Amino acid sequence: MKYLTFATAILAATAAFAETPELTVYTYDSFVSDWGPGPGIEGAFEEVCACDLKLVGLGDGAALLARLKLEGARSDADVVMGLDTSLIAAAMETGLFAQTAVEAEYTLPVAWSDPVFAPYDWGYFAFVHNKDLTPPANFRELGESDVSIVIQDPRSSTPGLGLLMWVKAAYGDEAPAIWEAMSDNVVTVTKGWSEAYGLFLEGEADMVLSYTTSPAYHLIAEQDDSKAAASFDEGHYMQIEVLGKLAGTDQPELADMFMNFMVSQAAQAILPTTNWMYPAVMPAAGLPEGFETLMVPQKALIIAHDEVTAVREEALAEWLAALSQ
Amino acid sequence: MARSSLAVTEVSISPKAGIGAALAVLVLIALALAAVVSRAELGGGLGPADWAAVRFTVVQAAISAFVSVLLAIPVARALARRRFFGRGALVTLLGAPFILPVIVAVLGLLAVFGRSGWLNDVLGALGLPGVSIYGFHGVVLAHVFFNLPLATRLLLQGWQGIPAERFRLCAQLRLSPRAVLRAVELPMLAQVVPGALALVFVICLTSFAVALTLGGGPRATTIELAIYQAFRFDFDLGRAALLSVVQLVLAGGMALAALWLVPVLRVGGGLDRAMLRWDARGGLQLLGDGLVIVLAALFLLVPLAAVVWRGLLGLGQMPGEVYAAAITSVWVAMASIAVMLVLALPMAGWIAGRAGGSVEAVGLLGLSASPLMIGTGWFIVINPYADPFDFALAVTVLVNAMMALPFALRILVPPMRDAVAQYGRLSAMLGVRGWRLWWVLLLPRLRAQIGFAAGLSGALSMGDLGVIALFADPERVTLPLQMVRLMGAYRMDAAAGAALLLLTLSLGIFWICDKGGRWRAET
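So the sequence lines, in the order shown, correspond to chains F and R.
Here the first sequence stands for residues 318 to 642, where the numbers follow the numbering used here.
Here the second sequence stands for residues 16 to 538, where the numbers follow the numbering used here.
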């Protein structure tokens, strides 16, 4: 034990004397993948921070929060990036986050003021399909059809949780019946967005829960216009992705700097064509070419902050009950 | 009884070490269980989804066991009745799923039965609707893949145990194949089948890796997976603990019941003898047996071939982390072999000196106590004092060693008994005792079995995906976990490469230990 303490002390000392401080950011898997925003963000931030930015991919958004609870105050993370509006209340309950002053000219569809979390991009959830499929026009039609879908587990994934909120926001008390009707359309429930989207691309299902902006990836990165997002007439639920600083960070200044960087022009210009979401602050050059082809929902749905926790628990119980039958 | 107690006094394998090892295992499990119970919110109860998981676990285990054993009957019968080129190799291959990493097999099954797999290509070409491997039937398919060979081996032992004279008598009485079945084979099956069913049932009860990869959401969740989800997704230690208790009662109870039913698994030898079966000479009989053997061999071999084929293609695409994970896995496997031997040898010595097999029950407890329960328990124990993630690999080593313990004891105890019976008195007369008894007498005589047990344990540990998934961390990854991650990121080529590497390492560690044990061994 003594030896361990000694070794730890030495390690800590070398870390403190090291020339470049390290900022550890927990995020979701697709953010750090080679084709995701990770490499671009890392390069751009390290140019200005004189630090080493360590992006750690840990499953999907909701799993990030569970991971933080698991690690508690012992966590190595300085910043967590990839929670969303459905999780902010639950994240605040952990008491692990610290306030940060982030100022930006947000171009979000809703007004934003949160002392802890800063939004970095947003989008609408939607089912993405191949254009040769005529998609259902709403959840009722989907439930009645034999169109197969892949969705994500709401306990580990923010799109999965978003779908719960979506159905709840659109149907309220009727949500259990909608889920029951849809349960035979669900091919499988994956842990995260990456798994689900991969299964869809391999042809394991007709539609996948993703974003209205996902077809832009195929269009812009792959010159493939065969994918589309199904427009649902109930409206589409909105996701705003956020990042926040942990109270236990040993790099508070760097963490603040990173949060401000994520809403700066440099980072916001990278996100649309790497994370395939709408930027939280419109870049000077506007949206990349191709985004104008995307389906824009007739109606945006979102559940207010203060109701989210209660709705989430109820919706989760209903979902589990409907799908475990 | 009297004779065996005499043997104990004469041959001084000290029981202290054995008792100590058994106590260590008990404490390891009991501490985890106590920690889990202390956190279990018994008042909270289980939600409908948890009950669905319990139901699913039992139902899939029952159906997996039933299908595996049912299919094993014709396969074992055909193998018992026929002698053909490659029969020995096929029987050896039936032992392979023991040491085949679950996750590797899943990848092979996906390549064959997945939506874009070979089977669906064929079905598609014939204009038939495709099949999906996700959900209930996928889980059962994977379990049958693993347990059909095991059940076949158990039943084959049953067939080989029938004295050849009986079949000679049947032939003299000119009994038809159907009459032979009724008069000789069915009574044997009635003895062997319950044990085989029970064993497969218990194995499927604690299934985790299969359900994790092929289960389709809440509808196909085993208790082990539910523990993992409560832990990783909700960080609900109370519910994880409660589910762990349910798992322990269910699997532990079944394991104890199975202890009375399960036939002793013989590990080699004696299965290469085809009987002269005058009743099975008919052309139809021959055709039927041939068909059954070919189908079974295809069912087992094609997914393995798919792993090797896709793996060769994917070898070049593996990221560097795969190699780092492979090195970690090798260390974990070697450490768990060491721990397993330190526990198993004294325990085997203790059991060999006694008539009863109560110590074996402790070993079996190690199998039925779910790895995820132990992981959860130890997380709760360690968490207030230190970072549990620092102990991820240590806990993995311990749990892997414990999982291998029941198999190791079954392998080590019989030769240990023989050695004690044959040389015990001589050693006692010569005053050889303590560590010298081990060094001079027991270890040399048990070399082959120790090597086999070590190989089995190493291969099991190498392919294990259990506790490590709870404590998963980007910096502490074993090869199976790295494979799951690659599959999750849909980098199937890289995952296939990693699968081939994992397969090679598992078989390699088994081969080295097994051969090493038998190298220049006289017995």
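Glycine residues also receive a C-beta, built at the ideal position from the N, C-alpha and C atoms.
Just so it is clear, the structure is predicted and the values come from calculations on it, not from any experiment.
Cβ shell of residue i (< 8 Å), same chain only, five flanking positions each side left out
i, result
"PHE434 of chain F", "LEU400, ILE405, ALA408, PHE414, VAL559, LEU560, GLY561"
"LEU494 of chain R", "VAL337, ALA340, ALA341, THR343, SER344, MET477, ALA513, LEU516, LEU517, LEU520"
"VAL455 of chain R", "SER442, VAL447"
Proximal chain R residues relative to residue i, where beta-carbon distance stays under 7 Å
i, result
"SER473 of chain F", "PHE248"
"LEU640 of chain F", "GLY232, PRO233, ARG234"
"ALA383 of chain F", "ARG247, PHE248, ASP249, PHE250"
"VAL464 of chain F", "Those within 7 Å of VAL464 of chain F in chain R number zero; the least Cβ separation is about 14 Å."
Beta-bridge partners of residue i, as assigned by DSSP
i, result
"ILE114 of chain R", "Per DSSP, none; premise fails for ILE114 of chain R."
"ARG11 of chain R", "Beyond the ends of chain R as shown, which are 16 and 538, falls residue 11 of chain R; an answer cannot be given."
"PHE444 of chain F", "F:LEU526"
"LYS562 of chain F", "F:VAL396, F:ALA415"
"GLY374 of chain F", "F:THR344"
"PRO436 of chain F", "F:VAL559"
"ASP369 of chain F", "F:GLU339"
"LEU496 of chain R", "Per DSSP, none; premise fails for LEU496 of chain R."
"ILE466 of chain F", "F:VAL503, F:MET524"
"PRO334 of chain R", "According to DSSP, which records beta bridges pairwise, PRO334 of chain R is partnered with nothing at all."
"LEU303 of chain F", "The structure shown does not extend to residue 303 of chain F, since chain F is modelled only from 318 through 642, so no value can be given for it."
"ASP401 of chain F", "F:GLU558"
"TYR595 of chain F", "F:TRP439"
"LYS544 of chain F", "F:ASN447"
Proximal residues of chain F, C-beta to C-beta of residue i below 8 Å
i, result
"SER79 of chain R", "Under the 8 Å cutoff, chain F gives no residues; its nearest Cβ is about 19 Å from SER79 of chain R."
Contacts of residue i in chain R (Cβ-Cβ under 8 Å)
i, result
"VAL625 of chain F", "Chain R residues near VAL625 of chain F: none, gap ~16 Å exceeds 8 Å."
"ALA586 of chain F", "Here the premise fails: no neighbours, minimum Cβ distance about 26 Å."
6 Å CB neighbourhood of residue i in its chain, flanking five on each side removed
i, result
"ALA32 of chain R", "PRO361"
"LEU163 of chain R", "SER83, LEU86, ALA87"
"ALA498 of chain F", "GLY460"
"LEU520 of chain R", "MET477"
"GLN585 of chain F", "PRO596, VAL598, PRO600"
Among the options, nearest to residue i - alpha-carbon criterion
i, options, result
"ALA380 of chain F", "R:LEU356, R:VAL428, R:ASP488", "R:ASP488"
"LEU265 of chain R", "R:ALA468, R:LEU457, R:PHE525, R:VAL74", "R:VAL74"
"GLY123 of chain R", "R:LEU156, R:CYS185, R:LEU109, R:GLY103", "R:LEU156"
"SER476 of chain R", "R:ALA436, R:LEU457, R:ALA321, R:VAL414", "R:VAL414"
"THR610 of chain F", "F:ALA545, F:PHE575, F:MET576", "F:ALA545"
"LYS508 of chain F", "R:THR236, R:PRO192, R:VAL208", "R:THR236"
"ILE443 of chain F", "F:PRO476, F:MET574, F:ASN577", "As written in the sequence, residue 443 of chain F is Ala, which differs from the Ile given in the question. Checked all of F:PRO476, F:MET574, F:ASN577; the closest Cα to ALA443 of chain F is F:PRO476."
"ARG96 of chain R", "R:LEU257, R:LEU424, R:LEU302", "R:LEU302"
"LEU330 of chain R", "R:ALA311, R:MET498, R:VAL146", "R:MET498"
"GLN332 of chain R", "R:LEU227, R:ASP508, R:LEU109, R:GLY267", "R:ASP508"
"LEU496 of chain R", "R:ALA77, R:ILE118, R:ILE148", "R:ILE118"
"MET418 of chain R", "R:ILE148, R:GLN187, R:GLY473", "R:GLY473"
"PRO471 of chain F", "F:ASP463, F:VAL464, F:GLU606, F:VAL484", "F:VAL484"
"ILE647 of chain F", "F:GLU539, F:GLY440, F:ALA522", "Residue coverage of chain F in this structure runs from 318 to 642, which leaves residue 647 of chain F outside it and unanswerable."
"VAL211 of chain R", "R:GLY173, R:ASP251, R:CYS185, R:PRO144", "A quick correction: the sequence has Ala, not Val, at residue 211 of chain R. Looking at the Cα atoms, R:GLY173 is the closest of the given residues."
"GLN437 of chain R", "R:ARG506, R:ALA367, R:VAL412", "R:ALA367"
Residues of its chain near residue i, where Cβ-Cβ distance is below 7 Å and the 5 sequence neighbours each way are ignored
i, result
"ALA330 of chain F", "Residue placement at ALA330 of chain F is poorly supported in this model, since its pLDDT is 48, which falls under 50; the coordinates are not used for a value here."
"ILE177 of chain R", "VAL199, MET203"
"ALA639 of chain F", "PRO493, TRP496, GLU497, SER500"
"VAL260 of chain R", "VAL51, VAL52, ALA55"
"ASP529 of chain R", "GLY466, PHE467, GLY470"
"ILE358 of chain F", "ALA584, ILE587"
"VAL282 of chain R", "For VAL282 of chain R, the predicted structure reports a pLDDT of 44, less than 50, and the residue's modelled location is therefore unreliable. A value from the coordinates is still provided. For VAL282 of chain R, where only same-chain residues beyond five positions count, the Cβ hits under 7 Å are ILE426, PHE467."
"GLU551 of chain F", "ASN455, PHE456, ALA487"
Interface residues of chain F facing residue i [CB-CB closer than 7 Å]
i, result
"SER131 of chain R", "GLU519, GLY520"
"GLN244 of chain R", "ARG472"
"ALA67 of chain R", "SER641"
Closer than 9 Å at the beta carbon, the chain F residues around residue i
i, result
"ASP402 of chain R", "GLU388, ARG391"
"ALA513 of chain R", "Near ALA513 of chain R there are no residues of chain F at all, since even the closest Cβ is about 16 Å away, more than 9 Å."
Residue i CB to nearest heavy atom of the ligand FMN below 6 Å
i, result
"PRO432 of chain F", "With respect to the ligand FMN, the structure offers nothing, as it holds no ligand at all."
Per-residue contacts from residue i into chain R (C-beta, under 9 Å)
i, result
"ALA380 of chain F", "ARG247, PHE248"
"LEU459 of chain F", "Going along chain R, no residue has its Cβ under 9 Å from LEU459 of chain F, so there is no contact; the nearest lies around 17 Å."
"LEU560 of chain F", "Per Cβ cutoff of 9 Å: no residues; LEU560 of chain F is ~19 Å from chain R at best."
Using a Cβ-Cβ cut-off of less than 7 Å, list which residues of the segment 390-403 of chain F approach chain R; keep chain order. Cβ contacts with chain R come from ARG391.
Interfacial residues, the segment 30-64 of chain R to chain F, with Cβ spacing under 9 Å: Along the segment 30-64 of chain R, going in chain order, the ones with a CB nearer than 9 Å to a CB of chain F are GLY62, PRO63, ALA64.
Can you list, in chain order, the residues of the segment 135-154 of chain R whose Cβ is nearer than 8 Å to any Cβ on chain F? Within the segment 135-154 of chain R, the residues whose Cβ lies closer than 8 Å to some Cβ of chain F are SER147, TYR149, GLY150, listed in chain order.
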